[in-house]
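According to our numbering, the residues represented by the sequence shown are 4 to 308, in order. To keep things clear, I will list the structure first and then write my remarks on it.
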Amino acid sequence: MPSTSILRALIVAVVAIATPLSARAQGTYQLVERWASLPDGAPWGQATGVDTDSHGNIFVFQRDPARPVVVFDPKGAFLRSWGQGLFTTGTHFLRVDREDNVWLTDKNLQQIFKFRPDGTLLMTLGQKGVAGDNTTIDRFNAPADVAIATNGDIFIADGESSSTRVLKFSRTGAFIKMWGSPGTGPGQFNTPHSIAMDSQGRLYVADRANNRVQVFNQDGVFQREFTNVGTPWGLFITKADVLYVVDGTANNCLLVIDTKDGSVRERIEGLATPHAVAVAADGAVYVAETNGKNVKKFVRTSTGR
C-alpha cells in the first residue's frame, strides 16, 4: 500500500494537472479574476487589441459589432463603448498615443483610424476595402498594427496578408517612406504583425512567421533582432524599455524580455491565443485573447521586481 507521502504527492500532481495554467501562480505575476465585465452580463467578443490612456483607463478592441471598442476605468468599471457599425470582423490592434488619441486597425477594411477617446473620428488612412501591395503608398494589404512617434509620425506594420513592409507617414497622414520585402534577412519580413517603439524611438517589429522581433531606427535602418521570442503576435514596450511579447501559437504564452541583453525575465503560460498586450502605468499587464474571448489582467506579487 502506498505511503502517506506518496499519496500526498499524487494528490498534488492531480490537482496541478486539473488546474488551468492561466489560473496558477505565474512567477511574480498573479491573475486577477473577474477584473471587469460588460453591461448586462454580455459576453466578450474576440479581443484583438488593448491599451491604456494617461488616466489609467483600459481600452479594448473586440470583434463584436455591438461593442467594438469598450472602455473601463482603472478599477474595471465599465465606462462606455463606441464604434458600432464602423468595423468588420477584421478588427485588429488598438493603440493609445501620448495625447490619448486611440488608433485602430481593421485588416478587412484595409484601413487605419485615429479617434478621440470618446469615439470621434479624426483621421483615416487607406482606401476602404481596396487592397494594395508592397508598392502602393495609399493602399494597404491587411494592415496589422500602428506605432506613433513622439513627433506624431505614424508607422504601420502592413503584413497580415501578403505585404511585407513598414510604412512611415507624417502626423498629418502624408507618406514619407517604406521599407521591407519578403525573406528572412535583415529588413525582410514574413508577416510583420505588430510594431512598438521604445524610449529611444527605435521600432520593434514582430516578424511573426520568421519567429523573431526586428529592431530599426525611424529611417528603416536595421539595428538588431531578438530570436528568443517564440512566434511573436503582439508587442508592447514600457517606458523602461522592457519588451512584452505574446505568442498566440501553440506556445500560448507571454514573454517579458530585457531589451538591454535580450534575456527573458518572466514567462506567463496557459493563455488562449493571446493577440495583444499592454502594460499600465501601475504595472498591471493586460492580455487580449482571441480564442479566450477575454482580456486577462495580471499584477505583480510582493516578490516581483
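Beta carbons are placed, not taken as given, at the ideal position from N, Cα and C, and that holds for glycine.
- Below 8 Å, too few C-beta pairs join the stretch 241-248 and the stretch 56-65 to call them touching: fewer than three.
- If you draw a 10 Å sphere on the C-beta of leucine 112, you find 16 or more other C-beta atoms in it, and that means buried.
- Contact between methionine 200 and alanine 150 is confirmed by a C-beta separation of about 5 Å, below the 8 Å threshold.
- In the DSSP secondary-structure assignment, asparagine 297 is bridged to Glu292.
- Pairing aspartate 54 with leucine 107 gives a Cβ-Cβ distance that is not under 8 Å.
- Separation of the CB atoms of histidine 278 and threonine 51 is rounded to 5 Å, and the pair is thereby assigned contact status at 8 Å.
- Relative to the Cα of leucine 257, the nearest Cα in the group Gly265, Leu274, Thr241 and Thr194 belongs to Leu274.
- Distance from leucine 170 to aspartate 161 at the Cβ level is roughly 6 Å; contact confirmed, criterion being Cβ atoms closer than 8 Å.
- Pairing phenylalanine 239 with leucine 34 gives a Cβ-Cβ distance that is not under 8 Å.
- Following the DSSP letters along the chain, one finds phenylalanine 158 inside the beta strand (DSSP E) bounded by residues 157-161.
- In this structure, DSSP gives proline 120 a state outside helix and strand, which the three-state scheme calls coil.
- Proline 71 is a Cβ neighbour of glutamine 87, given a cutoff of 8 Å.
- In the structure shown, alanine 209 adopts extended strand secondary structure according to DSSP, grouped into three states.
- Around the beta-carbon of proline 120, 16 or more other beta-carbon atoms lie within 10 Å, marking it buried.
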